[in-house]
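There are 2 protein chains.
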Amino acid sequence: MKGTTVEAGEVSKQSTPGSRGVNKVLSLMDFIMRIIAALGTLASSIAMGTTRQTLPFVTRFVRFKAVYKDLPTFTFFVIANSIVCGYLVISLCLSFFHIIKSAAVRSRIFLVIFDTVMMALLTAAASAAAAIVAVAHNGSTGANWFPICQQYRSFCERISGSLIGSFISIIVLVLIIIVTSVAISRR
Amino acid sequence: MKGTTVEAGEVSKQSTPGSRGVNKVLSLMDFIMRIIAALGTLASSIAMGTTRQTLPFVTRFVRFKAVYKDLPTFTFFVIANSIVCGYLVISLCLSFFHIIKSAAVRSRIFLVIFDTVMMALLTAAASAAAAIVAVAHNGSTGANWFPICQQYRSFCERISGSLIGSFISIIVLVLIIIVTSVAISRR
């Protein structure tokens with residue numbers, strides 16, 4: 008009986024051709040989704056990082072200028088998007104390895120762990136930026152914060168747009184984690 | 008040869024006693040971590056939801072009062088924490104089922120999917136609230152937003168404190184997803 012179990016363990020490591028095919032498709036989906044997410048974060052960090060607006064009037068002492076560095080939340084947004092983008096590009100190698108060797112499990116768990124952490128990082132950055140953008144648009148009567156978007160209209164439009172790429176990447180990262188979990192269960 | 012494979016597949020479904028023991032430990036960890044995360048979100052939503060401060064002076068028209076509802080981000084924070092807390096309590100049933108039946112895979116994938124979504128929701132709420140709290144504390148010279156914490160000191164201290172529970176829950180949720188992935192891979 009003991010002998011059979013050991014033998015069974017050996018054989019079960021070679022998955023059936025059908026499940027291997029499904030795992031290859033899942034790995035391919037994973038690879039493509041990683042590219043999409045990487046492009047999303049890249050677009051976001053470029054859009055936020057390059058946005059600046061100078062108002063067409065100056066006082067004697069002040070030149071009215073808005074860049075992302077004025078608010079630490081936006082700096083965090085650019086850094087977090089760059090980190091996640093870099094990670095996703097590097098993870099493409101491992102994802103490509105999974106297409107070839109679709110039964111790999113340990114490296115998939117490794118990816119799930121990092122994907123989850125990166126998703127948390129990106130979600131934190133994107134929602135913090137979104138909260139600030141919301142205040143910039145609407146202001147806050149309770150806190151007496153003035154909506155700066157009334158002056159810096161084009162600045163506000165661009166930073167609002169730059170959030171889109173991040174939120175698409177977050178959704179794609181959720182899908183990546185789900186697909187990887189399914190692939191792990193199907194080996 | 009074909010016969011052997013089928014037989015192997017049958018046997019491999021019954022995991023070895025050793026791996027079953029490890030899976031039981033993982034399931035138990037999962038159960039305990041869910042309780043911790045649920046308590047964290049509960050504490051956060053109660054702390055944020057019950058905070059109010061009225062300043063000791065009034066003008067003829069205005070009574071200076073701060074509640075969480077003044078800022079939509081804080082309302083989102085309370086709602087998201089309540090949703091995640093409710094989900095975690097419900098998921099305890101399934102987590103308990105995994106302690107008894109530690110080889111279950113499909114229900115674990117089900118949990119990973121919802122855990123990931125809930126983690127994203129909680130991270131979004133907590134970091135949006137943190138971004139607003141940061142502005143409330145430090146203000147923003149660029150945007151000309153005044154730090155309201157200088158007046159509403161006790162309100163600010165309590166809402167800052169209420170973030171802690173959420174961030175602990177986020178870390179615990181990341182650990183839960185990792186533990187579940189490992190458990191799925193070990194069946």
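Taken in order, these protein sequences are the chains called A and B. Using our numbering, the first residue of the first sequence is number 8, and each one after it goes up by one. Using our numbering, the first residue of the second sequence is number 8, and each one after it goes up by one. We put the beta carbon where it would ideally sit given N, CA and C, even for glycine. What you are looking at is a predicted structure, and each value in this text was computed from that prediction instead of being measured.
*asked:* Counting only Cβ pairs nearer than 8 Å, list the residues of chain B close to VAL124 (chain A).
replied: Against chain B, a Cβ distance below 8 Å from VAL124 (chain A) picks out VAL181.
*Output yes or no for whether 8 Å exceeds the beta carbon distance between ILE120 (chain B) and ILE183 (chain A).*
No; because the gap between Cβ atoms is not below 8 Å, this pair is not in contact.
*Taking Cβ-Cβ distances below 7 Å as the criterion, which residues of the segment 112-136 of chain B are in contact with chain A?*
Along the segment 112-136 of chain B, the positions whose C-beta sits under 7 Å from a C-beta of chain A are VAL112, ILE116, VAL119, ILE120, THR123, VAL124, MET126, ALA127, THR130, ALA131, SER134, ALA135, read in chain order.
*For SER188 (chain A), which residues in chain B fall below 7 Å Cβ to Cβ?*
Going along chain B in sequence order, the residues near SER188 (chain A) (Cβ under 7 Å) are ILE116, VAL119, SER188, ILE191.
*asked:* Between the alpha carbons of GLY28 (chain A) and VAL96 (chain A), how many angstroms are there, rounded?
replied: Here the C-alpha atom of GLY28 (chain A) lies approximately 25 Å from the C-alpha atom of VAL96 (chain A).
*Excluding five sequence neighbours on each side, which residues of the same chain lie with their C-beta closer than 8 Å to the C-beta of SER98 (chain B)?*
ARG41, LEU118, PHE121, ASP122, listed in sequence order.
*Say whether chain B places a C-beta atom closer than 8 Å to the C-beta of LYS9 (chain A).*
In this predicted model, LYS9 (chain A) has a pLDDT of only 44, less than 50, meaning its place in the structure is not dependable; the value taken from the coordinates is given anyway. No, its Cβ sits nowhere closer than 8 Å to a Cβ of chain B.
*asked:* For GLY28 (chain A), would you say it is in contact with chain B, using Cβ-to-Cβ distances shorter than 8 Å as the test?
replied: No, GLY28 (chain A) lies away from the interface with chain B (no Cβ there is under 8 Å from its Cβ).
*Under 8 Å between the Cβ atoms of SER173 (chain B) and THR48 (chain B)?*
The criterion of a C-beta distance shorter than 8 Å is satisfied by SER173 (chain B) and THR48 (chain B).
_Runs of alpha helix (DSSP H) lying entirely within the segment 117-171 of chain A, each at least 4 residues, in chain order_ = As far as the segment 117-171 of chain A is concerned, it has no whole alpha helix (DSSP H) run of at least 4 residues.
*Residue environment, THR109 (chain A), which counts as buried when at least 16 other CB atoms sit within 10 Å*: It should be pointed out that residue 109 (chain A) corresponds to Ser in this sequence rather than to Thr. Taking every protein chain shown into account, the CB of SER109 (chain A) has 16 or more other CB atoms within 10 angstroms, so this residue is buried.
*Where does ILE139 (chain A) land, buried or exposed, given buried means 16+ other C-beta within 10 angstroms?*
For ILE139 (chain A), the number of other beta carbons within 10 angstroms of its own is at least 16, and it is reported as buried.
*Please name the residue or residues paired with ARG59 (chain B) in a DSSP beta bridge.*
B:VAL74.
*Please go through the same chain and pick out, in chain order, the residues whose beta-carbon is closer than 7 Å to the beta-carbon of ILE43 (chain B), but skip the five residues on each side of it.*
Closer than 7 Å at the Cβ level, and outside the excluded window around ILE43 (chain B), lie VAL179.
*Have a look at ASP59 (chain A) and THR148 (chain A) and give me their C-alpha separation to the nearest angstrom.*
Asp is not the amino acid found at residue 59 (chain A); the sequence shown has Arg there. When only Cα atoms are considered, ARG59 (chain A) and THR148 (chain A) end up about 26 Å apart.
*Can the beta-carbon of SER26 (chain A) be found less than 8 Å from the beta-carbon of ILE116 (chain B)?*
Cβ atoms of SER26 (chain A) and ILE116 (chain B): not closer than 8 Å.
*State yes or no: is the beta carbon of PHE104 (chain A) nearer than 8 Å to at least one beta carbon in chain B?*
No, PHE104 (chain A) lies away from the interface with chain B (no Cβ there is under 8 Å from its Cβ).
*Between which two residues does the alpha helix (DSSP H) containing VAL96 (chain B) stretch?*
Annotation: the continuous alpha helix (DSSP H) that includes VAL96 (chain B) extends over 79-107.
_Near-chain A residues of the segment 73-104 of chain B - C-beta to any C-beta below 9 Å_ = Sequence-ordered contacts of the segment 73-104 of chain B with chain A read ALA73, VAL74, LYS76, ASP77, LEU78, PRO79, THR80, PHE83 [C-beta pairs closer than 9 Å].
*Does any residue of chain C bring its CB to less than 8 Å from the CB of PHE162 (chain B)?*
The structure shown has no chain C; the protein chains it does contain are A and B.
*asked:* Is PHE162 (chain B) close to the ligand NAD? I mean its beta-carbon at under 7 Å from any heavy atom of the ligand.
replied: Absence of the ligand NAD is noted for the structure shown, with no ligands found whatsoever.
*Does the beta carbon of PHE38 (chain A) come closer than 8 Å to any beta carbon on chain B?*
Answer no: the Cβ-Cβ gap between PHE38 (chain A) and chain B never drops below 8 Å.
_Proximal residues to ASN145 (chain B) (C-beta, below 7 Å), its chain only, five neighbours per side dropped_ = The residues are PRO154.
*Look at the alpha carbon of VAL142 (chain B) and the alpha carbon of LEU78 (chain A), and state the distance between them as a whole number of angstroms.*
Inter-residue distance for VAL142 (chain B) and LEU78 (chain A) is about 9 Å (C-alpha atoms, whole angstroms).
*For PHE104 (chain B), count neighbouring Cβ atoms within 10 angstroms of its own Cβ and tell me buried if that reaches 16, exposed if not.*
Within 10 angstroms of the beta-carbon of PHE104 (chain B) lie fewer than 16 other beta-carbons, which makes it exposed.
_Where ILE191 (chain B) falls, given that 16 or more other Cβ within 10 Å makes a residue buried_ = The residue in question, ILE191 (chain B), is buried, as its Cβ has 16 or more Cβ neighbours within 10 Å.
*Helix, strand or coil: how does DSSP classify ALA111 (chain A) here?*
Here ALA111 (chain A) sits in coil by DSSP.
*At least one CB of chain B closer than 8 Å to the CB of GLY56 (chain A): is that the case?*
With 8 Å as the cut-off, GLY56 (chain A) does not count as an interface residue toward chain B.
_Here's the rule I'm using: 16 or more other beta-carbon atoms within 10 Å means buried, otherwise exposed. How should ASN88 (chain B) be labelled?_
Buried: at least 16 other Cβ atoms inside 10 Å.
*ARG41 (chain A) by DSSP, collapsed to three states: which one?*
It is helical.
*DSSP three-state call for ARG193 (chain A): helix, strand or coil?*
Assignment of ARG193 (chain A) by DSSP, reduced to helix, strand and coil, places it in the coil class.
_Within 8 Å of any Cβ in chain B, is that where the Cβ of ILE107 (chain A) sits?_
No Cβ of chain B is located within less than 8 Å of the beta carbon of ILE107 (chain A).
*For LEU35 (chain B), which option in B:ILE86, B:ILE53, B:LEU101, B:PHE81 has the closest C-alpha, if you only look at C-alpha atoms?*
Comparing Cα positions, the closest option is B:LEU101.
_Is there a Cβ of chain A sitting closer than 8 Å to that of ILE185 (chain B), yes or no?_
Interface residue (Cβ-Cβ distance to chain A less than 8 Å): ILE185 (chain B) is classified as such.
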